[in-house]
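Step one of this worksheet: look at the structure below.
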Amino acid sequence: MPKFCVVVAAAAFVAASFSIADARADNYGAIAYSPATGAVGWSYDHPSRRRAERVAMGNCGNHAYDCQIATYFYNACGAVARASNGGWGADWGDDRGEAESNALEACYNRGDNCRVVRWACTSR
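Here the sequence shown stands for residues 19 to 142, numbered as in the numbering used here.
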């Protein structure tokens, strides 16, 4: 086999390997929530949990002194729900509907008249 063909084949193999690795990379997201102010920050499609949480906290608002990470997720969705009495719950799911349902269930353990105040999903 000529050297040129070997080099081209090796380059194609390396390129294919990177494409497969990129396709398998996890996408992380997070939702931060402030029980006192109701402020919410969220993020999605970040390469790490830490980065997703940092961005969500940064988006939670300057005056929300008690923002905290309510939920994180990867290759999925997350949601936060708030009850009429100020109680709240958060969770994740494989899709938006499941994440919202799980967050509502967590919220109803702490209060009544819960409603979803934020959801976010990664692109896969």
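Even for Gly, the Cβ is constructed at its ideal location relative to N, Cα and C. Predicted model only: the values in this text are computed from it and were never measured.
>> For residue 120, count the other beta carbons within 10 Å of its own beta carbon; 16 or more makes it buried, fewer makes it exposed. Which is it?
In response: The residue given as residue 120 occupies position 102 in the sequence shown. With 16 or more Cβ atoms within 10 Å of its Cβ, residue 120 is classed as buried.
>> With a threshold of 8 angstroms, are at least 3 pairs of Cβ atoms found where one atom belongs to the stretch 105-123 and the other to the stretch 69-77?
In response: no
>> Taking the alpha helix (DSSP H) that residue 95 belongs to, which residues open and close that run?
In response: To locate residue 95, count along the sequence shown from 1; it is residue 77. Here residue 95 belongs to no alpha helix (DSSP H); instead the beta strand (DSSP E) covers 95-100.
> If you count every other CB in all the chains shown that lies within 10 Å of the CB of residue 115, and 16 or more means buried, which is it?
Replying inline: Here the question's residue 115 lines up with position 97 in the sequence shown. Exposed, by the Cβ-count rule.
>> Just to confirm the assignment, what range does the alpha helix (DSSP H) spanning residue 115 have?
In response: As a working note, residue 115 is residue 97 in the sequence shown. Run containing residue 115: 114-126, per the alpha helix (DSSP H) assignment.
> Are the beta-carbon atoms of residue 78 and residue 101 separated by less than 9 angstroms?
Replying inline: Indexing the sequence shown from 1 puts residue 78 at position 60. Indexing the sequence shown from 1 puts residue 101 at position 83. No. Outside cutoff.
>> Checking the sheet assignment: what are the DSSP bridge partners for residue 133?
In response: Counting from one through the sequence shown, the residue named residue 133 turns up at place 115. BP columns for residue 133 point to 100.
>> Give me the residue from 103, 123, 89 and 140 with the minimum Cα distance to residue 51.
In response: Within the sequence shown, the letter at position 33 stands for residue 51. It is 89.
>> Does residue 76 come out as helix, strand or coil in the three-state DSSP assignment?
In response: Reading the sequence shown from its first residue, position 58 is the one you call residue 76. Residue state, collapsed to three classes: helix.
> For residue 50, does the three-state DSSP call read helix, strand or coil?
Replying inline: Here residue 50 refers to the residue found at position 32 of the sequence shown. Residue state, collapsed to three classes: strand.
> Could you give the C-beta distance for residue 129 and residue 53, rounded to a whole number, given that I count them as a contact under 8 angstroms?
Replying inline: Residue 129 sits at position 111 when you count from the first residue of the sequence shown. Residue 53 sits at position 35 when you count from the first residue of the sequence shown. Between residue 53 and residue 129 the Cβ distance is about 11 angstroms, and since that is not below 8 angstroms, they are no contact.
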